[in-house]
Amino acid sequence: MQQIIRFIEKYRYFLLFLMLEFVALFFTIQSHSYHKSRFINSANSITGGFYKRVNNINEFFHLKSENIRLSEENTRLKNDLLKENHTKDTTNQFQRYQYISAKVYNNNYTRRNNYLTINKGLNDGIDTEMAVVNSKGIIGTTNSVSGNYATVISILNNYSLINAQIKNNHHFGTLSWDGMDYKTVQLNDIPRQAVFKIGDTIVTGGKSTIFPAGILIGTIKDFEQNKLINISLFNDMSAIGNIQVITNLHKEEIQQLEATNNE
Amino acid sequence: MNNQVVKNTVLFITLVLIQVLILNNINLFGYLNPYVYIVFVIFYPLRKDKGSFLFLSFLLGLAIDFFSNSGGINAAATLLIAYIRLPLLSKILNKTDFEYQSFSIRSLSFGKSFSFILLLTFIHHFILFGLEYFSLDSFGTILSKSLLNTLFTTITIFIVIVLFTKKK
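Protein chains in written order, with the numbering used here: chain A, 1 to 263; chain B, 1001 to 1168.
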């Protein structure tokens, strides 16, 4: 007993160091393996509150570009409306997606695994695994959610895998990021027989319950034969202000159906 | 003593806020950020009792992690450099007995303090990016990113030291 106490006494700093390092590594490995209910995230009132304050000042400097983007979106939507000037029978149409607008408080794009913090949370109807987009295209999926804030896994993240397709021939693949350039992402697993060329548009595939089909991603920049396709994003991931979170109103129904299928 | 506690608390909070609200958004050349918050490890007074120092360094890293959604990578890296600070210093200065009370980084010669800070920063960054990428495939990226960021951080830390400490 005496020996043990003396041992602890002698190496107490080393033991403290080991213990704390173990805790830190535990959080790190948790963030790399299962990132749905992570303990360390910026969706809490303290970090969110600080980001909110800084954002109040910061957003002032982006007013002009944000206005231009909004006016462009308005014009596009109005043009779309005019295209369909005949009356539509809406009696047997059901709303499948709902948009919730939100603001980005913090945005990273230089790390390997990038996250965003947004200003809406559970109280505003936001949950984990919802699609996040803006008028130019895809941004990511929600991750940790607190009462008033949520974090978003950016598409610039090792753990972001999103179903995507080439717009004009409906071949599906998986969108990922190699960690190099924040303007370029990669499309994998496109079938061999798919025909495509540089400049083709890539959109989301709609095979998941998260993203609706046809949300813009980018255009093909270059590709190696039968291998990776590099895609230059429509969105400038370094400058994101206002965003929309998309709720899939049929999500539970689809998941229930799939669960019964698997039994 | 009390004065010292207040001073360290203020330093702690200021460093966290400056780091996460300003320095993490610098992105020089698209990807370089100085991790200046580790000056806490350099400035914290040398003591025989290392317990509180280790714990504070861990908390500092964890606070940065909370803001940047990065798991525990900053906590792990900062704790490690806090633990090896004294052994590294005695290796560089070639002595084991320090005047614990009056030691200051400004009392060292430029060459010695430079190599001390450079080594400490590099170890911190290497652990940081190693844990962030978490794969052996990206060893080249980890190394180049650590080296470039070390350069940027070290220069910034020297500017901070020159501006904010008194010369002995």
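Glycine is no exception: its CB is placed at the ideal position from the N, C-alpha and C atoms.
With a threshold of 7 Å between beta carbons, B:GLY1140 makes no contact with chain A. By alpha-carbon distance to B:SER1068, the top candidate from B:LEU1021, B:ILE1157, B:VAL1041 and B:ILE1013 is B:LEU1021. Unbroken beta strand (DSSP E) stretches of 3 residues or longer found wholly inside the region 107-161 of chain A: 115-118, 131-134, 137-145 and 150-154, given in chain order. Residues of the region 1064-1076 of chain B with a Cβ closer than 9 Å to any Cβ of chain A, in chain order: ASP1065, PHE1066, PHE1067, SER1068, ASN1069, SER1070, GLY1071, GLY1072, ILE1073, ASN1074, ALA1075 and ALA1076. Identification of residues in the region 51-67 of chain A having a C-beta nearer than 7 Å to some C-beta of chain B yields VAL54, given in sequence order. Residues of chain B with a Cβ closer than 7 Å to the Cβ of A:ARG112 are, in chain order, GLU1132 and TYR1133. Nearest to B:ALA1082 by alpha-carbon distance, out of B:ILE1092, B:SER1052, B:PHE1098 and B:ALA1063, is B:SER1052. Residue pairing from DSSP places A:GLN186 in a beta bridge opposite A:SER176 and A:ASN230.
Only residues of its own chain outside the window of five on either side were considered, and among them ILE1142, LYS1145 and SER1146 have a CB closer than 6 Å to the CB of B:PHE1129, listed in chain order.
Interface criterion not met: the Cβ of A:THR247 is under 7 Å from no Cβ in chain B.
The beta carbons of A:GLY121 and A:GLY147 sit closer together than 7 Å.
At least 7 Å separates the CB of B:ASN1008 from every CB of chain A. Residues of the region 1149-1161 of chain B with a C-beta atom less than 7 Å from some C-beta of chain A do not occur.
Interface residue (Cβ-Cβ distance to chain B less than 7 Å): A:LEU77 is not classified as such. Spatial neighbours of A:PHE211 in its own chain (CB-CB distance under 6 Å, excluding positions within 5 residues in sequence) are listed in chain order as ALA131 and THR204.
Straight across, the Cα-Cα distance linking A:TYR11 with B:VAL1041 is about 21 Å. If you draw a 10 Å sphere on the C-beta of A:GLN165, you find 16 or more other C-beta atoms in it, and that means buried. Put simply, of B:LEU1086, B:ARG1106 and B:PHE1012 the residue whose alpha carbon is nearest the alpha carbon of B:LEU1163 is B:ARG1106. DSSP lists A:TYR99 and A:ALA131 as the bridge partner or partners of A:ILE246. For B:LEU1059, the closest of B:LEU1086, B:LYS1048, B:ASN1008 and B:PHE1103 by C-alpha to C-alpha distance is B:ASN1008. For B:PHE1040, not one C-beta of chain A is nearer than 7 Å to its own C-beta.
Taking C-beta atoms as the reference points, A:THR184 and A:SER154 fail to come closer than 7 Å. Against chain B, the CB of A:ALA24 has a partner CB under 7 Å away; the residue lies at that interface.
Chain B places a beta carbon closer than 7 Å to that of A:HIS32, counting this residue as a contact. By the CB criterion at 7 Å, A:ASN107 and A:ILE240 fall inside the cutoff. Nearest to A:VAL23 by alpha-carbon distance, out of B:PHE1098, B:LEU1118, B:THR1121 and B:ALA1077, is B:ALA1077. Here B:SER1109 is exposed: its Cβ has fewer than 16 other Cβ atoms, across all protein chains shown, within 10 Å.
Between A:THR28 and B:ILE1127 a beta carbon distance of about 10 Å is seen, past the 8 Å cut, so the two are scored as non-contacting. Contact between A:ASN235 and A:ILE139 holds: CB atoms are separated by about 7 Å, below the 8 Å threshold.
As the crow flies, the alpha-carbon of A:ILE202 is around 39 Å from that of B:ILE1018.
Inclusion of A:ASN163 and A:LYS227 in the CB contact set at 7 Å is not warranted, their separation being larger than that value. Rounded to whole angstroms, the Cβ separation of A:LEU249 and A:TYR97 is 7 Å, and the two are in contact under 8 Å. Residues of chain B with a Cβ closer than 7 Å to the Cβ of A:THR28 are, in chain order, GLY1071, GLY1072, ILE1073, ALA1076 and LEU1131. By the C-beta density criterion, A:ARG6 is exposed, having fewer than 16 other C-beta atoms within 10 angstroms. Under the DSSP definition of a beta bridge, A:GLY218 partners with A:ILE202 and A:LEU233. In the three-state reduction of the DSSP assignment, B:LEU1108 falls in the coil class.
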